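Every position in the sequence shown, counted from 1, becomes a number in the numbering used here once 1252 is added. Input: a single structure, listed below in C-alpha cells.
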Amino acid sequence: MPAPNAADLLVWYDRHRRSLPWRALPGERPDPYRVWASEIMLQQTTIAAVKPYFERFMARFPTVEALAVAPSEEVMQAWAGLGYYSRARNLHACAKAVAESHGGRFPDTEEGLRALPGIGAYTAGAVAAIAFDRAAAAVDGNVERVMTRLFAIEEALPGAKPLIREQVLALLPAARPGDFAQALMDLGATICTPRNPACGICPWREPCRARTAGTQESYPRKAAKKAGVTRYGAAFVLLREDGALLVRTRPNKGLLGGMAEVPTSDWRADYELDGAAQDAPIATRWRKLGLPVRHVFTHFPLELTVLVARAPLTAQAPQGMRFTPHGKLREEPFPSLMLKVVEAGLAALKHPGVDA
C-alpha cells in the first residue's frame, strides 16, 4: 500500500477548492482578520449557516479595529442566532487585544495567537497556517475524520487527538502549508463525508487503510456520550399597552452570556411550575401557554413554559430590566431560544383565545 503524500492532495485541491467568502483567491494574500473571524464562527456551526452571518458581520465590522471599538451590545446583536455566545464575547475581547496591544495586526505564530483571548489550539493552528502559511496543524472535525480513516486509527475521540495531530504534522509539506490545511478541510467536507464517502474520487483512495478494509464509515471511533438531564423553567412575556416588551440582559459570564431575554426562572431538573408566580418579574395575572418551548443545548435539553401577561402604560420595569419598544425588538440580541419564546408569547397575546 503506498504512503499518502501532500502533493496528491494539493493537486486535487487546486482543481476542486471551494469558493468561500473568507477564503483568499489563488495568488491572493489571505486577510488574517477574515480568516480568524470565520474560524471562530465555524466552531460548532455549519458553513451554510455561517456564510450569511459572516458577510453581514464583515459589512458591519470591516476591520479588526472597527470590531474592537464597537459596543458589546452591537457585537452580540450581530451574532444573535449563531449560538455558543461565549464565542462572540471572546471575539470582541480578542479584537480589542489585537487593536490595543498589537497595533491592529494579528501575531503570525501559533504561540502569539494562543496568547490572545478566545484562541485555542485549533484556531491558532488554522490562522497560523491559512493566514501566514506557517507549518501548523489545523485539526477540525473534518480533518479528524480524514486522518482516522487514512490510518485506521482505532483509539476513540477525544483521546485520539494527539495522534491525529502527529499524523497531520508528519504529512505537512514544507511549501504551501496553508493550502494543505484548507485542502484537508475540503477533502473531509466534500469527499470524506461522514456517510457515503466518495472514495472512488478521493486523491488518497489508494493509501487509505479504512477504504481498503471497507470500514471507512466506522471511523472516527467515538466515546459514548452521556445524555444530559432535561431542565425546566418558566419564561415571562410581559407586554405593555404601548407594545413594549419587558426584557433584560443575561450576565456576561455563563450560558448565553450577554444576550437579551425575557425574564425567566432558574432552569433546573426539579423546577416546579406551580411556584412560577414567585419567579415572575411583577405580580399580575399570568396566563400559561399550553405547549412549552423546547431547546437543546450542548449539555442538556431545556423546556420553558411560557407565561404571558399585559401591563398598563404606567408600568415601570423592575431593576435590571427594561421595556423595549416593539420597533426596537429586532435590535435586541435575542438568541434563537428566546426568539421562539417571544414569538410564542406575542402570538398568544395577539390572539388571547388561542394557546401557542
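Every residue, glycine too, gets a C-beta built ideally from N, C-alpha and C. Only a predicted model underlies this, so the values are computations on that prediction, with no experimental measurement involved.
The residue from ALA1318, ARG1312 and ALA1422 with its alpha-carbon nearest to that of TRP1331 is ARG1312. In the structure shown, LEU1491 adopts extended strand secondary structure according to DSSP, grouped into three states.
Counting the other Cβ atoms within 10 Å of the Cβ of ILE1453 gives fewer than 16, which makes it exposed. Rounded to the nearest angstrom, the gap between the Cα atoms of PHE1549 and MET1253 is 44 Å. In its chain, beyond the 5 residues on either side, HIS1547 have a beta carbon closer than 6 Å to the beta carbon of LEU1589.
A Cβ-Cβ distance of about 6 Å is found for the pair LEU1262 and ASP1431, placing them in contact under the 8 Å criterion. Using a 10 angstroms sphere on the CB of LEU1559, the tally of other CB atoms reaches 16 or more, which defines it as buried. Our two residues, ALA1462 and LEU1424, have alpha carbons roughly 21 Å apart in a direct line. Here the stretch 1487-1501 does not lie against the stretch 1463-1474, with fewer than 3 beta-carbon pairs under 8 Å apart.
Residue burial is scored here from C-beta neighbours: ARG1397 has at least 16 other C-beta atoms within 10 angstroms and is therefore classed as buried. In this model, GLU1595 and TRP1274 are separated by some 33 Å (Cα to Cα).
Excluding sequence positions up to five before and after ALA1387, its CB lies within less than 7 Å of the CB of LEU1424 and PRO1429, all in the same chain and listed in chain order. The beta carbons of HIS1578 and ALA1496 sit closer together than 8 Å. TYR1265 and VAL1395 have their alpha carbons spaced roughly 14 Å apart. Considering only LEU1498, SER1517 and ILE1534, the residue with the shortest C-alpha distance to LEU1598 is LEU1498. Apart from the 5 residues on each side of it in sequence, LEU1565 sits with its Cβ closer than 8 Å to the Cβ of ARG1492, GLU1493 and ASP1494 in its chain, given in chain order. In this structure, the CA atom of VAL1481 is about 9 Å from the CA atom of ARG1520. Excluding sequence positions up to five before and after ALA1258, its CB lies within less than 6 Å of the CB of LEU1423, PRO1425 and PHE1432, all in the same chain and listed in chain order.
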